[in-house]
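Residue numbers (full-length UniProt numbering): 1 to 377. Quick reminder that beta carbons are idealized off the backbone N, C-alpha and C, glycines included. The block underneath contains the structure these notes are about, expressed in structure tokens.
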């Protein structure tokens, strides 16, 4: 007969956490002069955390001669957050209800520093439940944080999805002008950013000008040095603008004035696609961010995609499954890629798999053509 006394063990460790009896570790959490002294047990820390297992090794750790305790100084972690960490290590408990956003984010960073993967996953899940509210209140700090820590991939994904479907959270004020370049690139690369490409371009130009106080807002006042400075600032970002998705009037009014900052091969490629029917772009080719239609919106395309793939209504809730080519017909001979179409007329399907007992009530004949009306909107 085998008995299980895990509950008793858990209760004993909880009591040890609360009393800190016979502690042999002293942690000074927070910045001086407000650092607080926290007590812990090296055996628990070593057992539950690879970070402390290494930090408490004899070759690293130094003991205080008077107390005989290991001494740790952690000015980058507040005492509140450190107590969260210790309660998790001792008791396997974490209660985040009623904690403010800054405390939760600090806990995430501390969990990453200590290599507490399961705690990171839990905090990300909890934080992600209200990600839209958090981003609405403080988008810049959150985006910078998730970009700096590879372990925060879940919040990073949720943040990009939320900004994608609600771009006003970030772009409806000048807050985005303080974004770091690497974070801005993450957003520009996002296929689900629901903004007109010409508007994204305008925001990028405004960001580039804001990074250089000597640049004027009016491009007509730019000289050659100004264009060179702006080109250098936006060099890594321009490649993620989907110029071929910009309608010709918008290109003329919004992009052409900044022609000196565009690579020559890219500019010539854009002109070729505007002027030569059925041209396929060679540069900056990405899936279309938006639905090129005045009749339907993205929710309609998600519904249609569910029908095409014979899925239940609402199967595709956020992202279209056609990330590379879009819908296709005739064994892939007709591909829709953004606003461009590729056709190979070799496909033939003589058997449409209809029962011999069926009868035809009506039929339609249709032709799929490439429309250039997008340039005339």
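A distance below 7 angstroms between beta-carbons, with the five flanking residues on each side excluded, links residue 73 to the following residues of its chain, in chain order: 28. In the DSSP assignment, the residues bridged to residue 28 are 37 and 73.
Bridge pairing for residue 63: 70 [DSSP]. For residue 268, the enclosing alpha helix (DSSP H) has its first and last residue at 264 to 275. In this model, residue 12 and residue 79 are separated by some 23 angstroms (Cα to Cα).
Counting along the chain, the unbroken alpha helix (DSSP H) around residue 13 starts and ends at 6 to 19. For residue 269, same chain residues with a beta-carbon under 7 angstroms away, outside a window of 5 residues either side, are 281, 282 and 283 in chain order. Nearest neighbour of residue 136 by Cα position, chosen from 123, 111, 147 and 163, turns out to be 163.
Just measuring C-alpha positions, the residue of 202, 232, 239 and 231 sitting nearest residue 186 is 239.
Residue 201 counts as buried, since at least 16 other C-beta atoms from the protein chains shown sit within 10 angstroms of its C-beta. Cβ contact annotation for residue 189 (same chain, cutoff 6 angstroms, sequence separation greater than five): 240, in chain order. Secondary structure at residue 151: helix, using DSSP grouped into helix, strand and coil. Judged by DSSP in its simplified three-state form, residue 237 adopts coil rather than helix or strand. Residue nearest to residue 289 within the set 205, 85, 68 and 192 is 192 (criterion: CA-CA distance).
Between residue 142 and residue 179, the C-beta spacing is not below 9 angstroms.
Annotation: residue 112 to residue 19 spans about 27 angstroms, alpha carbon to alpha carbon.
In this structure, DSSP gives residue 213 a state outside helix and strand, which the three-state scheme calls coil.
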